[in-house]
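Novice: Once you've had a glance at the structure underneath, I'll fire off some questions.
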Amino acid sequence: RPSAEKEFDYKFRIAKAFYYLNKFKQSILEVEEILKKTLSQEQNFSVRLFRANVLLIKKDFAEAMEEFEKLLVEFPERAQKENLGLVVAVAYEDMNEFDKAITTLEKIKSNADDPNFIEIKIKRLKERIANQPGKKKK
1332 RPSAEKEFDY KFRIAKAFYY LNKFKQSILE VEEILKKTLS QEQNFSVRLF RANVLLIKKD
1392 FAEAMEEFEK LLVEFPERAQ KENLGLVVAV AYEDMNEFDK AITTLEKIKS NADDPNFIEI
1452 KIKRLKERIA NQPGKKKK
C-alpha cells in the first residue's frame, strides 16, 4: 500500500490531468474525494486553491469566490505568499464587482510587497466605476 503522501500526489495528479483535458467537472469530483481524506495544512491549501481555480474556469463564480475568501482567512501567510488577494480582486473585477475588488485590495494593501501597485489598481478601479454608463459625474 502506498504512503499517504504518495497516494495524495497520485490523486492530485489525476485531478490536474482531468483539468488539463478540460474535464473540469471530473477534476472537481477528484478534488472532492481528496478533500475527504486527512490532509496536511499544505495539502489542504493546495487542493482547495486548485479547486477554487477550476470553479473559476467553470464560471461557478459564487462557489469559487467563497473558497478563495475562506483561504484568505484560514491561511493568511500562505495566501499572501501566493498573491491570493490579488487573484481574488482580479476575479471580482472580471465579474464587474468593482466594489468587492476594491475592498479586497484595501485589505491586502498594508501587507503587500508593493503597496503602491495596489494603490494604483484601486485608483484605476474607482475610475472604472466613475466611468460606467449611467453613473453621475461627481
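Numbering follows the working numbering, with no gaps: position 36 of the sequence shown is 1367. Ideal Cβ positions, reconstructed from N, Cα and C, are used throughout, including at glycine.
Taking residue 1375 as part of the alpha helix (DSSP H), name the residues at either end of that continuous run.
Specialist: 1372–1388 is the extent of the alpha helix (DSSP H) around residue 1375.
Novice: Among the residues of its own chain, which have a CB less than 6 Å from the CB of residue 1456, if the five just before and after it don't count?
Specialist: Result list for residue 1456: 1429, 1432 and 1433, in chain order.
Novice: At which residues does the alpha helix (DSSP H) containing residue 1369 begin and terminate?
Specialist: Unbroken run through residue 1369: none, as it is neither H nor E.
Novice: Straight-line CA distance for residue 1384 to residue 1465?
Specialist: Computed Cα separation, rounded: 33 Å.
Novice: Three-state secondary structure (DSSP) at residue 1461?
Specialist: In the structure shown, residue 1461 sits in a helix (DSSP, three-state: H, G or I).
Novice: Within 10 angstroms of the Cβ of residue 1362, are there 16 or more other Cβ atoms? Answer buried if so, exposed if not.
Specialist: Buried, because 16 or more other Cβ atoms sit within 10 Å of the Cβ of residue 1362.
Novice: Secondary structure at residue 1333, three-state DSSP: helix, strand or coil?
Specialist: Coil, per DSSP.
Novice: Does the beta-carbon distance from residue 1450 to residue 1440 come in below 8 Å?
Specialist: Yes; because the gap between Cβ atoms is below 8 Å, this pair is in contact.
Novice: Roughly how many angstroms separate the alpha carbons of residue 1469 and residue 1452, rounded to a whole number?
Specialist: Residue placement at residue 1469 is flagged as unreliable, the pLDDT there being 49, under the threshold of 50; the coordinate-derived value follows with that caveat. Straight-line Cα distance between these residues: approximately 20 Å.
Novice: Could you round the C-beta distance between residue 1398 and residue 1386 to whole angstroms and report it? I think they count as a contact, below 8 Å.
Specialist: Going by Cβ atoms, the distance from residue 1398 to residue 1386 rounds to 7 Å, so yes, they are a contact pair.
Novice: Going by other Cβ atoms of all chains shown within 10 Å of its Cβ, with 16 needed for buried, is residue 1346 buried or exposed?
Specialist: So residue 1346 ends up on the buried side.
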